[in-house]
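Below is one structure, written out as structure tokens, with a few remarks after it.
2 protein chains.
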Amino acid sequence: MVRLKDVAHLAGYDISTVSKVLQGGNIRVSAEARERITKAATELGYRPNLMARGLRTRKTGAIVLGLPRLDHPMYPTITAGAESAASELGIVLFVYKFPEDGAAEALINLVLQGRADGIILAAEMANGGFHELAKQSDVPVVSLNRSDDQVAPSVVLDDEAGFAAQANYLADLGHRDIAFVGANEESRSNRFCEQAFLRTLAQRGISLGNDHVLRAEFDGADVEDVVGIILGLNPIPTAVAAASLAMAIRLTRKFESKGVRVPSQISVIGYHDAAQSEWVSPSITTVSMPSYQQGQLAVRRLVELMQGGDVQLGETVCSPGEIVIRESCRSLD
Amino acid sequence: MVRLKDVAHLAGYDISTVSKVLQGGNIRVSAEARERITKAATELGYRPNLMARGLRTRKTGAIVLGLPRLDHPMYPTITAGAESAASELGIVLFVYKFPEDGAAEALINLVLQGRADGIILAAEMANGGFHELAKQSDVPVVSLNRSDDQVAPSVVLDDEAGFAAQANYLADLGHRDIAFVGANEESRSNRFCEQAFLRTLAQRGISLGNDHVLRAEFDGADVEDVVGIILGLNPIPTAVAAASLAMAIRLTRKFESKGVRVPSQISVIGYHDAAQSEWVSPSITTVSMPSYQQGQLAVRRLVELMQGGDVQLGETVCSPGEIVIRESCRSLD
DNA sequence: ATGAAAGCGCTAACAT
DNA sequence: ATGTTAGCGCTTTCAT
């Protein structure tokens, strides 16, 4: 291991001078010193020992993106965005799959023990009073898609605009008789999706009966029941809007396997986008939400929070989503 | 922040005694000391400063799983397995999405700078001479699915057995006229899959013409061409084996959209398993490979490597895969 | 412009 | 069984 001392020795300067130079700030050093020191450092392949530095500065230069699992379709995109913002800022982003039990403790320990400087939490944390713990320990946290209370800064998707876009798209295609399949799961999205969707349709003069507003698992595990209900409506709706991509895919498959063709007999639109939209035929028309941007914003917000003193609670809202037109919706005109 | 000193003060012992007790080893302390110290520690909510500890011990207690992206279908499972093994061993696992440029440097720096003790590399690293760098810097590395050379310990899936199982399953169902779609990508799997598949069929007295052995992108982006070729064969094969799950799903969809029913007219089998197998109809029969176990083994191997002196190169082979029977294959009998 | 020196919190060898 | 002590490598204040 190459130490500051070794570089200092080779360059012929004191260790403290070397330290200053290698931090790259605007300190006053002679050009010669600067040159000889950087040369010596690269020559020796010097790499600062982050544990020693951190012990002094109480900073790690790392942040953690905490996830409950990795198999949610949006996590890769969020992570990629977060990673890009982090590396732009010269900090390291680690993804940490936190355990089911003791998640709050485990996550917060990461910061309290000096493994990271802050946390981006990409999940509702059901139990454990995470945010109280974080506040109490003064651990910087940015939440994703959380807005029910004012406990922490949060970066949220504009789901209101997203579901409005979904509704408008179907209305634009001439659909009037529409079913909506929301997610069972208790989440932020959830509270808005139904409302925003229905309100937007209402503005277009379209009202949905209660029997046209349904619920299913986020991953579409129980779409069979929903399809049964929809096909039992009289008349059968001309379009179905789903609150996830998985639902849309599985609804489409279920319709087709029951002999109901998509989109000729019924149109299906999803919410969120991923590669799987293209894996199926018909490929799935859906609302693409800016998850990449969400990851970026979360990192930037966290870094501000870590630096600046004034902790601003409340939401940062991402750009609106966009309809990605594929094959699963048809125009009625 | 609560320091060792604070605990020592409250408990009425010396800092070094506290240190020994809190490390939990078999050191000789009076029962009273042990009790009073642990009590004081919990009372104060003491958490060891890992940077200070690491500075002394030159260990971080963390390892990194390095991935090029997160959207590969097997990564969540591998990660979950790795996580379980890591937490069993009391170490922290971070997932690190390394940058495209300078990946080798970035990964190795993580260890050299004291952010982690070792690396599990879940990718071929095309450029950058990663393994030379790692060896030269004495950074512990375990590779996943790498076996072409003897540069580092590796944990590999038993793809030979996996593709043999795939072949045997189709043969068991009575298929004789079979097409095989391998992956374009240059990977370990690739070198074995075709061979193992064909050899197994040969053992069953089935030989495939060259025109029955095809290639496509791993993610199935170009299955359309492949479907065209397969449907141009005379006679059309009764079954198609694919070297990935995405290929199998997209082949199935493409067949169906061309009016060729799966499995009644043609059977399709995939390789690897994930939730998406169930998203489509017919659901996909496939070979489930033990990715979870692979993650576990990789962590254990890495920890051995970090502890034990004798670095054993070469492969650790996972359990054979298992056929998951769903709807996309039918028996010919 | 450069150097001297203190100390971050911890561990471990050694002394008692 | 418990305490003393010397650092790990770095940053930073203060002196020169």
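Keeping their order, the protein sequence lines are chains A and B. Note that the working numbering has the first sequence beginning at 1, numbered continuously upward. Note that the working numbering has the second sequence beginning at 334, numbered continuously upward. We put the beta carbon where it would ideally sit given N, CA and C, even for glycine. A quick note: this is a predicted structure, and the numbers were derived from the prediction, not measured.
Along chain B, in chain order, which residues have C-beta atoms closer than 8 Å to that of residue i?
i: I230(A); result: Going along chain B, no residue has its Cβ under 8 Å from I230(A), so there is no contact; the nearest lies around 16 Å.
i: T79(A); result: L403, K430
i: S87(A); result: P432
Quick one: which chain A residues come within Cβ less than 7 Å of residue i?
i: Y429(B); result: F94
i: G495(B); result: The premise fails here: G495(B) is roughly 21 Å from chain A at the closest Cβ pair, so nothing lies under 7 Å.
Going by DSSP in three states, residue i sits in which element: helix, strand or coil?
i: P486(B); result: strand
i: A216(A); result: strand
i: V593(B); result: coil
i: A62(A); result: strand
i: S417(B); result: helix
i: L93(A); result: strand
i: Y13(A); result: coil
i: S664(B); result: coil
i: I617(B); result: coil
i: E648(B); result: strand
i: E322(A); result: strand
i: G387(B); result: helix
i: A529(B); result: helix
i: A320(B); result: In this structure chain B extends from 334 to 666, so residue 320(B) is not present and cannot be described.
i: G129(A); result: coil
i: L67(A); result: strand
i: A516(B); result: strand
i: I411(B); result: helix
i: V142(A); result: strand
i: V2(A); result: coil
Which residues of chain B have a Cβ atom closer than 7 Å to the Cβ of residue i, listed in chain order?
i: E83(A); result: K430
i: Y271(A); result: None at all; the shortest Cβ gap to chain B is about 15 Å.
i: N55(A); result: For the record, residue 55(A) in the displayed sequence is Leu; it is not Asn. Within 7 Å Cβ-Cβ: M384, A385, L388.
i: P76(A); result: R402, L403, D404
By Cβ distance, which residues of its chain are closer than 8 Å to residue i, with the 5 residues on each side in sequence left out?
i: L144(A); result: I78, I120, L121, A122, A123, S154, V155, V156, Q294, A298
i: S319(A); result: D158, P290, Q293
i: G128(A); result: G102, A103, A104, E105
i: L10(A); result: A40, E43, L44
i: L89(A); result: V299, R300, V303
i: G345(B); result: R369
i: V657(B); result: D606, S610, T618, T619, V620, S621
CB-CB under 6 Å to residue i, same chain, minus the five flanking residues each way: which ones, in chain order?
i: K5(A); result: I15
i: P671(B); result: Nothing can be reported for residue 671(B), as the shown portion of chain B is limited to 334 through 666.
i: L534(B); result: A500
i: A576(B); result: G515, A516, C526, Y604
i: V64(A); result: F94, Y96, L110, A116, I119
i: R583(B); result: G553, V556
i: M639(B); result: D450, G451, P473
List the residues of chain A that residue i touches, going by C-beta distances under 9 Å, in chain order.
i: A581(B); result: Chain A residues near A581(B): none, gap ~10 Å exceeds 9 Å.
i: D552(B); result: A275, W279
Count the other C-beta atoms from every protein chain shown that fall within 10 angstroms of the C-beta of residue i, then say buried if there are 16 or more, exposed otherwise.
i: L383(B); result: buried
i: Q336(A); result: This structure gives no information on residue 336(A), because the portion of chain A shown stretches from 1 to 333.
i: M125(A); result: buried
i: T393(B); result: buried
i: R204(A); result: exposed
i: G358(B); result: exposed
i: R552(B); result: Before going on, a small fix: residue 552(B) reads as Asp here, not Arg. Result: buried.
i: E611(B); result: buried
i: Q483(B); result: exposed
i: R389(B); result: exposed
At 8 Å on the CB atoms, spell out the chain A contacts of residue i, in chain order.
i: G592(B); result: The contacting residues do not exist; G592(B) stays about 12 Å from chain A at best.
i: N442(B); result: R47
i: Q446(B); result: R47, P48, N49, L50
i: V586(B); result: Checking the displayed sequence, the identity of residue 586(B) turns out to be Arg instead of Val. In chain order: W279, V280, S281.
Excluding sequence positions up to five away, which residues of its chain have a Cβ less than 7 Å from the Cβ of residue i?
i: M407(B); result: H605, S624
Please list the partners that residue i has in chain B, where partner means a Cβ-to-Cβ separation under 9 Å.
i: N234(A); result: The premise fails here: N234(A) is roughly 25 Å from chain B at the closest Cβ pair, so nothing lies under 9 Å.
i: A62(A); result: F427, R448
i: P263(A); result: The premise fails here: P263(A) is roughly 13 Å from chain B at the closest Cβ pair, so nothing lies under 9 Å.
Segment contact flag, the segment 311-329 of chain A with the segment 252-268 of chain A, C-beta cutoff 8 Å, min 3 pairs: yes
Contact the segment 232-250 of chain A vs the segment 204-216 of chain A: 3+ CB pairs below 8 Å: yes
The segment 463-471 of chain B contacting the segment 441-453 of chain B, beta-carbon criterion three pairs below 8 Å: yes
Contact the segment 349-361 of chain B vs the segment 275-289 of chain A: 3+ CB pairs below 8 Å: Taking 8 Å as the limit for Cβ pairs, the verdict is that the segment 275-289 of chain A does not touch the segment 349-361 of chain B.
Cβ contact check for the segment 212-228 of chain A and the segment 247-257 of chain A: 3 or more pairs under 8 Å: yes
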